[in-house]
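Student:
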Amino acid sequence: MRRRLLLILVAATLVTVVPATAASAHGEKSQEGFLRMRTVGWTDVNFTRDTVMQGETVTVTGTVKIMDAWPSSLAKGVPNTCFMSMIAPGPTIVLKERTINGESMPTRIDCAKGRVYDFSMTFAGRRVGRWHIHPAFAVKGAGTLIGPGAWINVKENPAGFVNQATLLGGKTVNLENYQLPFIWIWLTLTFIIGMVWMIYWTVPKRTIPHLAVTSQIPLNTDGAAYGLISKKDHRNSTIMMLATVVLLGAGWIYQLANFPVKIPQQIIQFAPPNVERPAAFVSLEAGKGKAIYDAGKKQVSLTVTATNKGEQPAQLTQFAVADLTWFNQAVPSAKPTGPQAVDTSYPMTVQSDTLAPGASQELTLTMPSGIWIHQERLLPIGESQLTVTGLLRFQTANGDKTDVEVDEPLTPTAFTT
Amino acid sequence: MAVDAKTLELRELVLKKYRYIDRKWDLVFWVTAAFVVGAAADITKQLFAGDWDFWTDWKDRQWWPIITPFAIIIIGSALQYIQWLAWRFPTGMTYTAVAFWFCTLVGRWLQWGAFVYYPMNFVWPATMVAAAIFADWVLLKTRGSFILTSIIGSALFTIAWWISNYIPLAGLLQPAVWMDRVVTLADVQGIEYVRSQTPEYLRIIEHGSLRTFLGETQYVAFAFGTTITVVGYWVGQAIARGLAIWPIGRFLKKW
Amino acid sequence: MAQAVQDQESRTLSEGEGRQANKPGRGPIDWLGGWRTCLVGCTTFILLAIAIRIFQQFTAWTDGIDASSEGFAQTYRALYYAEVLAATIGTLVWWGYLVRKGRQLVNREVSHDEEVRRIAVFWGLVGTTSVILYIMASFWPNQDGAWHQTAVRDTALTPSHIPMFYLFFPLGITITVGTYLYGRYWLPKVYGAEKGFPWSFLFLIAASVTEMAQVAMNEWGHSLWITEEIFAVPFHWPFVWYGWLASGIFALWAETAIRLFGIEKEVEDAAENPAEVGTFGARREEHEAIEAIAS
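Residue numbers (our numbering), protein chains in the order written: chain A, 44 to 460; chain B, 32 to 286; chain C, 5 to 299.
(1) Could you tell me which of A/E405, A/Q404, A/T432 and A/A118 sits nearest to A/W415, measuring between CA atoms?
(2) Extract the residue ranges of the alpha helix (DSSP H) inside the segment 116–179 of chain B, only unbroken runs of 4 or more that lie entirely within it.
(3) In whole angstroms, give me the CA-to-CA distance for A/D265 and B/L44.
(4) Using only the alpha-carbon positions, how far apart do B/T63 and B/C134 sit?
(5) Can you grab the Cα-Cα spacing for the pair A/A131 / A/L188, in whole Å?
(6) Using 9 Å as the threshold, is the C-beta distance between B/I74 and C/P163 below it?
(7) In chain order, what residues of the same chain have a beta carbon less than 7 Å from the beta carbon of C/A250, not counting five sequence neighbours either side?
(8) Taking a cut of 7 Å between CB atoms, which residues from the segment 162–174 of chain A lie near chain B?
(9) Using the beta-carbon count (16 or more within 10 Å), is C/W224 buried or exposed?
(10) Quick check: what's the CA-CA separation for C/L191 versus C/F205?
(11) Does the Cβ of B/L41 have 16 or more other Cβ atoms within 10 Å, making it buried, or fewer, making it exposed?
(12) Count the other CB atoms within 10 Å of the CB of A/E451; is the residue buried (16 or more) or exposed (fewer)?
(13) Looking at C-beta atoms only, is the number of pairs between the segment 149–166 of chain A and the segment 51–64 of chain C that lie closer than 8 Å three or more?
(14) Give the straight-line distance between the Cα atoms of C/Y85 and B/F153, rounded to the nearest whole angstrom.
(15) Listing by chain order, which chain B residues have their CB less than 8 Å from the CB of C/L249?
(16) Candidates A/G76, A/V83 and A/T94: which alpha carbon is nearest A/G381's?
(17) A/N279 lies in the alpha helix (DSSP H); which residues open and close that run?
(18) With a threshold of 16 other CB atoms inside 10 Å of the CB of C/E280, please say whether the residue is buried or exposed.
(19) Please classify A/A68 as buried or exposed, where buried requires at least 16 other C-beta atoms within 10 Å of its C-beta.
(20) Can you name the start and end residues of the beta strand (DSSP E) that A/M127 belongs to?
(21) Quick check on C/R57 - is its C-beta less than 9 Å from some C-beta in chain B?
(22) When the distance is taken between beta carbons, is B/M210 closer than 9 Å to B/A166?
(23) Return the residue from the list C/K105, C/R104 and C/G149 that minimises the CA-CA distance to B/G138.
(24) Name the residue from A/T348, A/M391 and A/F77 whose alpha carbon lies nearest to the alpha carbon of A/G413.
(25) Leaving out five residues on either side along the sequence, give the residues of the same chain with a beta carbon under 6 Å from the beta carbon of B/A269.
(26) Along the chain, where does the alpha helix (DSSP H) containing A/M80 start, and where does it finish?
(27) At which residue ranges does the segment 210–281 of chain A contain complete beta strand (DSSP E) runs of 3 or more residues, listed in the order of the chain?
(28) What's the call for A/A300, buried or exposed, on a 16-neighbour Cβ count within 10 Å?
(29) Counting Cβ pairs, one atom from each stretch, are 3 or more of them under 8 Å apart for the segment 188–195 of chain B and the segment 88–100 of chain B?
(30) Could you compute how far the alpha carbon of A/G145 sits from the alpha carbon of A/I109?
(31) What first and last residue would you give for the alpha helix (DSSP H) that runs through C/L137?
(32) Got a sec: is the Cβ-Cβ distance from B/K48 to anything in chain C below 9 Å?
(33) Exposed or buried, which one is B/F60 when buried takes at least 16 other CB atoms within 10 Å?
(34) Start and end of the alpha helix (DSSP H) containing C/H152?
(35) Considering just the uninterrupted stretch of the alpha helix (DSSP H) at B/N196, what are its terminal residues?
(36) When you compare only the Cα positions, how much space is there between C/F239 and C/N222?
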């Protein structure tokens, strides 16, 4: 047994001294391609900054769409209850504000397939360190879907960290430790009375030797006649029980006196207001698109036939898929900016990227497969749903933009990587 | 009153001197058994009622007082039977509660606090010690009637459990303002201290969808909680009688 | 000749008595005698859990969070392989020793001192079982809940799963079966093979085996159904039900305590003056209680 322990400790020691690179992902790369692509689409995600002191805030904004291609295997095909939050390695940050389509969102919302939500979340740095933080959109029956993440540096605040919360009467409290001393004292007091009871019974009396006696008497007798339990034991136990009553009574009076107004925990569920959005000026022809993974050329290409219904030329600038944004490398302004862009945006080649007004033409996006397969583990070869799904962004010269959902079958030329 | 020979013999047996059975056997038993007892109570609580125990914003007045006492009385009831049967000690529930207190405190502080860094005033564990004293006291006063203890003891257990855990919770149920909404401080804790893989819609608390009997939800929950706890008590009795005591000295001949 | 053989046998049979028990403080019921197994066994596994916990404190949120990263491979995946290897080898070595050594000594008569020492060792193994059950059913599950409710589940190998499901759950099987083997060979009057298989051990070993099996079902289910994390879901309840089977552990204490009383009776019966055999009596309060009812 000692040898085994030594083996384990040696192995553990070895791995601790080997330098290890920090993880950059949050587990999303283990999720299936369809889960990441066909559920929600993220666009225009932006973090206002990437370095804060404890207590200072960062705001992340963006738009999330529950895709029309929502899989029927999730939430029975009908998403109806949703939630937004931040993904962080524990409460390294605290969420201070959250809005959805402009309305404050304390808890959950009613949602539906095809709906588009503008969100804003403001969080404060709490724990010193460098943390990978993502916005997340959760759908009941499907789980938490992860948006583009950014490395956020939280620096130590010399004044320490305080998390102010405001009571209805206006008083502020520090949520980091409000009521904590009382909670510890209370838990300790209850523990002490329990130990007193246990010590009373187990120290003055032997334990194991009682078995010789109890095995010879009926169950429903306290053995008073044999000296197992005495009248004194009954009396003392009642005293300890009454002491417990007094303790509970004192605690009850304490809470009544100090916190006369209490309400139950709240669930505020609502359907976010609809935001008027301009009609899409580009549409895709159904059944005319395809995605190909060319194992020989190590490329993933997506071909669609798009029609420009607007009056201005429309250029394909971005392809948002899962938490990634592919940007048209021929268009400098297409590249996303902001801390989240570092890890989640990649250049792509777009053939015939501009649609004349009224025109209908084929567009082809070409992306390196190495990123899809090895880096992002997103291409669903080997999975049970071979599709590529995302949002294509078209923009005009005067800044109008429209996001069009694309959901095309994937054909690999080979299943090798 | 004349005392019969058997009684005298048993009294002698209580005082009997042994060559090998010293107090170390007692100490080793009480200390080593505490680990498995506390752990059994903890895993039962965690997987039957854990989420209500982990977070202040789950400690509501409809589900928490029903599910948690049911879960935690099970192992305590089993130990009541074992310790009364074996030693005539009315200590099973309190012993479980104290061992369980250690397990949950160590677990909560070391893992939820020191590992994941949730503030302890958000994730403090409920205590069952005060409730256990009442259950053990009833067992003693009824001289080992498990039927009466299951009814009276369970009722007192449920109420005492709720009181002893509502007291530390009360301060966190004060109304507070978050953005433009009125919620409790416990809700604010739940909103602000992010739980990445636990979306809020998973929270099973009073949603206001039941008729509230003129606002008397709490008392309805108590009444139901008490009856459910009686069921939990007898689950514990079955565990003790069937799995702990029945096997003593029994062997499987063909296997 | 026969007498010489008998003398020789009685000299060699009292294992614990031979070299150790003659030393002061190493007797059958001394802390460093019969109880040493309890002290060593319990503290070993507590220290092991603490060591892993310390390792996690420095690595879990950096390398442990993404199973596809190189850092994870160098830390947690390596730990996983080390654990599985060490636990497998250690288990087979220990069980093998118990069976080999046990077969040699099971049929030999032992002295009362030696049998009491063995019961204390047995209680030490049961105590170690209790500690391992605590670590697998409370210590790590608390962490697992904390981890899964804050980090996205990526694979079945997470920093919290690795010591829990892949070290201490298997150790549960190691210690329960090992304790049975010890009982079967070292305490034949209680657990000898001719009596059959004890129900107490059947329940206790079944608890550890079914818990291990439930791990597989748990991970399969999480990949199939459960994409969100709360703890108190029906899907997790088999862990509790199988854990209740561990109640068989109480029967072990009872069965060996009954044998202890048997040994005490044998010692008394063999003594010239039975009243002077025992030295460990009741407590003062117990004497007073009986005096009070007697008067």
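Think of the CB as a built atom: it goes at the ideal place given N, C-alpha and C, for glycine as much as any other residue.
Note that this is a predicted model, so its numbers are computed, not measured.
Tutor: Quick look at the numbers:
(1) A/T432
(2) Whole alpha helix (DSSP H) segments, 4+ residues: 123–138, 151–154 and 160–172.
(3) 16 Å
(4) Roughly 13 Å between the two C-alpha positions.
(5) Going by C-alpha positions, A/A131 is about 13 Å away from A/L188.
(6) no
(7) Cβ contact annotation for C/A250 (same chain, cutoff 7 Å, sequence separation greater than five): L137, L208 and A211, in chain order.
(8) Against chain B - using a Cβ distance shorter than 7 Å - the residues of the segment 162–174 of chain A are R170.
(9) exposed
(10) Between C/L191 and C/F205, the C-alpha separation is close to 14 Å.
(11) buried
(12) buried
(13) no
(14) 36 Å
(15) L274
(16) A/T94
(17) K274 to N301
(18) exposed
(19) Confidence in A/A68 is poor, its pLDDT being 44 and thus under 50, which makes the residue's placement too unreliable to answer from.
(20) T124 to I130
(21) By this cut-off, C/R57 is an interface position.
(22) no
(23) Relative to the Cα of B/G138, the nearest Cα in the group C/K105, C/R104 and C/G149 belongs to C/G149.
(24) A/M391
(25) none
(26) G76 to M80
(27) Entirely contained in the segment 210–281 of chain A, the beta strand (DSSP E) runs reaching 3 residues are, in chain order, 215–217.
(28) By the neighbour-count rule (16 or more Cβ atoms within 10 Å), A/A300 is not buried but exposed.
(29) yes
(30) 18 Å
(31) H116 to Y138
(32) yes
(33) buried
(34) W144 to T154
(35) S185 to L200
(36) 8 Å
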